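K.L.:
One structure, pasted below without further comment.
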Amino acid sequence: MHPVKEAIQAETRRQFFGKVAMGVGGLALSSLMAEDAFAAPQDAASFGGLPSLPHFAPKAKR
């Protein structure tokens with residue numbers, strides 16, 4: 007029998023799912039780590055508005 011087929015058949019379901027889980031976890035980690043890799047640098051002027059003032063005038067009176 008071919009050595010690769012022997013290795014695949016000798017692997018248990020638990021080993022297979024463990025490898026799959028590690029692969030999916032690696033993909034998730036890489037997507038989280040690279041979230042800002044392709045984004046343009048953000049500055050305060052790009053958001054517009056004044057960050058210290060509320061969007062609407064308050065309705066409550068003192």
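Just add 6 to the spot in the sequence shown (first one is 1) and you have this note's numbering. By construction, the Cβ of each residue, glycine as well, lies at the ideal position given by its N, Cα and C atoms. This one's a predicted model, so the numbers in the text were calculated from it and none came from an experiment.
(1) Helix, strand or coil for residue 67? Go by DSSP, reduced to three states.
(2) Where do the ends of the alpha helix (DSSP H) carrying residue 38 lie?
(3) Tell me the rounded alpha-carbon separation between residue 32 and residue 16.
(4) By Cβ distance below 8 Å, which residues in the same chain neighbour residue 11 in space, the five residues on each side in sequence not counted?
P.N.:
Reading off the structure:
(1) Working through the sequence shown from its first residue, we reach residue 67 at position 61. Residue 67 falls in the coil class under three-state DSSP.
(2) For the purposes of this step, residue 38 is taken as the residue at position 32 of the sequence shown. 19 to 39 is the extent of the alpha helix (DSSP H) around residue 38.
(3) For the purposes of this step, residue 32 is taken as the residue at position 26 of the sequence shown. For the purposes of this step, residue 16 is taken as the residue at position 10 of the sequence shown. Each residue's Cα considered, the two are about 25 Å apart.
(4) Here residue 11 refers to the residue found at position 5 when the sequence shown is read from its first residue. Within the same chain, residue 11 has no close Cβ partners at all.
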